[in-house]
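Worksheet: the structure to be examined is printed underneath.
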Amino acid sequence: MPLIKSLLAIALLCAMSPFGSADSGSDGAEPKPDAAKDSDSPAAPEVAKASSAQEAEPKPLLPAWLKLSAVLRGRYEAPSGTSVANATLDEYYLSRLRLEVQIKPTPWLRLVAQGQDARAFGYNAVTQPNTIYNPLDLRLAYAEASYEASTSVKFRAGRQELNFGGGRLVGTPDWGTPAKSYDAMDVTLSRGGAKLDLFAGSIVWIDPSRFDRHKTGEHLYGAYGSVKGWAPGAIVEPYVLFKQALKVTGEQGGMGDALLVTPGVRVAGQAPNRIDYTAEFAIQRGSYSADPVSAMAGSYVAGWTLNDSKIKPRVSLEYNHASGDKSAKDGARGTFDQLYASNHQYYGIADQVGWKNLRNPRIGFDFVATKRVKLRADFNEFYLATTQDGLYNASGTRTVLNTHASSRHVGSEADFQVQYQWSEGLQFGIGFARLFAGEYLKQSTKADGYSYPYVCFTKKF
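Residues in the sequence shown are numbered from 45 upward in steps of one, following the working numbering.
As structure tokens, then:
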């Protein structure tokens, strides 16, 4: 398999070779038409035409049906503390390079391939986990066909991103260095203000030792709709999602298959007086081996932009909740499964908490300091829904379990982020998160707190 990755690297680098001589300021935009071909210009003598031809812009380096792009991202992190991860001070640099080729041979057909190379430098461990390290691999490879009419149809098949709603249940996390994708098929039907996605696929499992493949025995199916016009200024998104997993173990020790059905609805919109809102609620039913599943979760956000000034000062309030399992021995499951969430922008940027067995109020403030600078501050409180279940991180993995804890208070987290748009293709960011351990963590892990500072940049070519 290392040979396959090496050949992929050579092929993508060769495909990108003309890229360096292109105008880096275009940021991948389509080339402008030749000014000499402007049909609106008045007739002119042959001498003027010759002069115009000499002053015409040079022909684009690439044909119109071919587009090449690249994105380089670097991030320095220095987490410290003894909270959830029981981590000591560590400092490292994370690098991610993406090379993408798009081919559009006809107006209705598009072919996309993207390679991704993710590496870590200075990481304090002999073996680097697949959350930060995956040498060059194929992240995207799909074909997309479109039909435009009163009812439009779009069909996409292959390795692709799936993002629905706010990404709390099905999304493509991008904060992680080797961001995941899906081997899937997606049909999108749209008519007026209504749209429906029908999709089926599997998450791609990142494996640094070989070519990435989809996760065996785990499948996702669903229907995700969106309708505008049902409520003034709002979009309503009803959905039903199915997750299937083979050969899982129930609470009584028996092995079987799992099938989770998650119907839900998300509503987002604008109200008078500069108020915005988002609400999402979902329930889960099904089976996990021989265990019946009954779970639920909700998220509610309200924001208020204080005035119409250029800095757009906004205050937001949020409350998230998700059920937990009341007993690990009763043969029934109550833990909400967050499926394939993209959670970095929710539940604190330290990524120590996920949408499972959770009670989470948040208050936030953000504003645009200048045309290029945005700032955001958040404060979260984290509680478990029940101490009979554990604490789950942003990826949905249980990290702490203490059924004898007397407190459900996990802790408090303060987050600060600054984003600076240097140019159209270059962005810088800096952030800091501090998780103050609550009684639950102190009783369970002897924790005192956890800090997560970072500095990052993203350059688009």
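For each residue, glycine too, the CB sits at the ideal point set by N, CA and C.
### Query
To which residues of the same chain is glycine 277 closer than 6 Å at the C-beta, ignoring the five residues directly before and after it?
Position 233 of the sequence shown, counted from the start, is the residue given in the question as residue 277. Result list for glycine 277: Gly313 and Gln314, in chain order.
### Query
Going by beta carbon distance, what residues of the same chain come within less than 6 Å of lysine 272, once the five residues before and after it are set aside?
Residue mapping note: residue 272 aligns to position 228 of the sequence shown, counting from 1. These residues qualify, in order along the chain: Gly237 and Ile279.
### Proximity below 8 Å, CB of alanine 169 to CB of glutamine 204
By 1-based counting over the sequence shown, the position of residue 169 is 125. By 1-based counting over the sequence shown, the position of residue 204 is 160. Going by beta carbons, alanine 169 and glutamine 204 fall outside the 8 Å limit.
### Query
Quick check: the segment 237-256 against the segment 289-302, are there 3 or more CB pairs under 8 Å?
With the rule of 3 Cβ pairs closer than 8 Å, the segment 237-256 does not count as touching the segment 289-302.
### Query
What are the residues that DSSP puts in a beta bridge with leucine 350?
One-based indexing of the sequence shown puts residue 350 at position 306. According to DSSP, leucine 350 bridges with nothing at all.
### Message
With H, G and I counted as helix, E and B as strand and the rest as coil, what does DSSP make of lysine 504?
### Response
The residue you call residue 504 lines up with position 460 of the sequence shown. Correct three-state label for lysine 504: strand.
### Own chain, CB closer than 7 Å to serine 331, minus 5 neighbours either side, in chain order
As a working mapping, residue 331 is identified with position 287 in the sequence shown. Taken in chain order, the residues that qualify are Ala302, Leu303 and Val337.
### Query
Which value, in whole angstroms, describes the spacing of the CA atoms of tyrosine 363 and leucine 106?
Sequence index remark: in the sequence shown, residue 363 carries index 319 (1-based). Sequence index remark: in the sequence shown, residue 106 carries index 62 (1-based). In this structure, the CA atom of tyrosine 363 is about 50 Å from the CA atom of leucine 106.
### Query
Any idea what DSSP makes of glutamate 121, helix, strand or coil?
For the purposes of this step, residue 121 is taken as residue 77 along the sequence shown, with counting starting at 1. Here glutamate 121 sits in strand by DSSP.
### Message
Contact between the segment 237-246 and the segment 401-418 is defined here as three or more beta-carbon pairs at a separation below 8 Å; is this criterion met?
### Response
The segment 401-418 and the segment 237-246 do not touch, with fewer than three beta-carbon pairs separated by less than 8 Å.
### Query
Cβ of glycine 392 within 8 Å of Cβ of asparagine 424?
In the sequence shown, the residue the question calls residue 392 occupies position 348. In the sequence shown, the residue the question calls residue 424 occupies position 380. Yes, they are a contact pair.
### Query
Can the beta-carbon of threonine 502 be found less than 8 Å from the beta-carbon of valine 231?
Residue mapping note: residue 502 aligns to position 458 of the sequence shown, counting from 1. Residue mapping note: residue 231 aligns to position 187 of the sequence shown, counting from 1. No, the pair does not count as a contact, with Cβ atoms beyond the cut-off.
### Query
Which class does leucine 402 belong to by DSSP, given the choice of helix, strand or coil?
Your numbering for residue 402 matches position 358 in the sequence shown. In the three-state scheme derived from DSSP, where H, G and I count as helix and E and B as strand, leucine 402 is classed as strand.
### Query
Any idea which residues DSSP pairs aspartate 241 with across the strands?
Translated into the one-based positions of the sequence shown, residue 241 becomes position 197. Per DSSP, the beta bridge partners of aspartate 241 are Thr232 and Tyr268.
### Task
List the residues that DSSP assigns as beta-bridge partners of tyrosine 332.
In the sequence shown, the residue the question calls residue 332 occupies position 288. Paired residues: Ala302 and Asp335.
### Task
Look at proline 405 and alanine 122 and say whether their C-beta atoms are less than 8 Å apart.
Numbered from 1 along the sequence shown, position 361 holds the residue referred to as residue 405. Numbered from 1 along the sequence shown, position 78 holds the residue referred to as residue 122. Cβ atoms of proline 405 and alanine 122: not closer than 8 Å.
### Task
Within 10 angstroms of the Cβ of alanine 235, are there 16 or more other Cβ atoms? Answer buried if so, exposed if not.
For the purposes of this step, residue 235 is taken as the residue at position 191 of the sequence shown. Reading the sequence as shown, one finds arginine at residue 235 and not alanine. It is exposed - the Cβ of arginine 235 has fewer than 16 other Cβ atoms within 10 Å.
### Distance CB(leucine 485)-CB(glycine 455) smaller than 8 Å
Your numbering for residue 485 matches position 441 in the sequence shown. Your numbering for residue 455 matches position 411 in the sequence shown. Between leucine 485 and glycine 455, the C-beta gap is smaller than 8 Å, which places the two residues in contact.
### Task
Could you tell me if aspartate 181 is buried or exposed, where buried requires 16 or more neighbouring beta carbons within 10 angstroms of its beta carbon?
If you number the sequence shown from 1, residue 181 lands on position 137. Taking all protein chains shown into account, aspartate 181 has 16 or more neighbouring C-beta atoms within 10 Å of its C-beta and is therefore buried.
### Task
Taking all protein chains shown into account, decide if glutamate 144 is buried (16 or more other Cβ within 10 angstroms of its Cβ) or exposed.
As a first step, residue 144 is located in the sequence shown; it is residue number 100 there, counting from the start. Label assigned to glutamate 144: buried.
### Message
Tell me the DSSP secondary structure of aspartate 84 in three-state form.
### Response
Residue numbering aside, residue 84 sits at position 40 when the sequence shown is read from its first letter. With a pLDDT of 40 at aspartate 84, under the threshold of 50, the modelled position of that residue is not reliable, and the figure given next carries that caveat. The DSSP-derived three-state label of aspartate 84 is coil.
### Query
Can at least three beta-carbon pairs, one atom from the segment 361-378 and one from the segment 428-441, be found at a separation below 8 Å?
Per the Cβ contact rule, the segment 361-378 is in contact with the segment 428-441 (3 or more Cβ pairs under 8 Å).
### Task
Could you tell me which residues DSSP pairs with lysine 224 in its beta bridges?
Position 180 of the sequence shown holds residue 224. For lysine 224, DSSP assigns no beta-bridge partner whatsoever.
#### Entry: Opening and closing residue of the alpha helix (DSSP H) in which tyrosine 484 lies
In the sequence shown, counting from the first residue as 1, residue 484 sits at position 440. 483-489 is the span of the alpha helix (DSSP H), which, as asked, contains tyrosine 484.
### Task
Look at the Cβ atom of valine 284, then the Cβ atom of threonine 306, and state whether they are nearer than 8 Å.
Counted from its first residue, the sequence shown places residue 284 at position 240. Counted from its first residue, the sequence shown places residue 306 at position 262. Yes, these two residues count as a Cβ contact at 8 Å.
### Query
Do you know whose CA, among Gln146, Leu110 and Leu264, lies nearest glutamine 288's CA?
As a position in the sequence shown, residue 288 is number 244, starting the count at 1. When only C-alpha atoms are compared, the closest one is Leu264.
### Same chain, Cβ closer than 7 Å to histidine 448, neighbours up to 5 away in sequence not counted
Residue mapping note: residue 448 aligns to position 404 of the sequence shown, counting from 1. So no residue of the chain qualifies.
### Query
Which residues in the same chain have their Cβ closer than 8 Å to the Cβ of threonine 171, if we skip the five residues on either side of it in sequence?
Walking along the sequence shown from the start, residue 171 turns up at place 127. Answer for threonine 171: no residue qualifies.
### Task
Under the assumption that alanine 308 contacts glutamine 382 (Cβ atoms under 8 Å), give the Cβ distance between them as a whole number of angstroms.
Within the sequence shown, numbered from 1, the residue matching residue 308 stands at position 264. Within the sequence shown, numbered from 1, the residue matching residue 382 stands at position 338. Inspection of the sequence shows that residue 308 is occupied by glycine rather than by alanine. Incorrect: roughly 12 Å between the Cβ atoms, too far for contact.
### Candidates Pro357, Gly375, Ile327 and Ala341, of which the one nearest alanine 334 by Cα
Numbered from 1 along the sequence shown, position 290 holds the residue referred to as residue 334. It is Gly375.
### Query
In whole angstroms, what separates the C-alpha of phenylalanine 426 from that of asparagine 387?
Against the sequence shown, residue 426 aligns to sequence position 382. Against the sequence shown, residue 387 aligns to sequence position 343. Spanning the two alpha carbons is a distance of roughly 15 Å.
### Task
Give the straight-line distance between the Cα atoms of aspartate 492 and aspartate 161, rounded to the nearest whole angstrom.
Along the sequence shown, read from residue 1 onward, the residue named residue 492 stands at position 448. Along the sequence shown, read from residue 1 onward, the residue named residue 161 stands at position 117. Those two C-alpha atoms are separated by around 36 Å.
### Query
For the segment 207-219 against the segment 317-328, are there 3 or more C-beta pairs whose distance is under 8 Å?
Segments in contact, yes.
### Task
Compute the Euclidean distance between the alpha carbons of leucine 350 and aspartate 320, then round it to the nearest angstrom.
Stepping through the sequence shown from its first residue, residue 350 is reached at position 306. Stepping through the sequence shown from its first residue, residue 320 is reached at position 276. The straight-line gap from Cα to Cα measures roughly 12 Å.
### Message
By the three-class DSSP mapping on this structure, what secondary structure does proline 173 have?
### Response
By 1-based counting over the sequence shown, the position of residue 173 is 129. In this structure, proline 173 counts as coil in the three-state DSSP scheme.
### Query
If you count every other CB in all the chains shown that lies within 10 Å of the CB of isoleucine 407, and 16 or more means buried, which is it?
Here residue 407 corresponds to residue number 363 of the sequence shown, with the count starting at 1. Exposed, by the Cβ-count rule.
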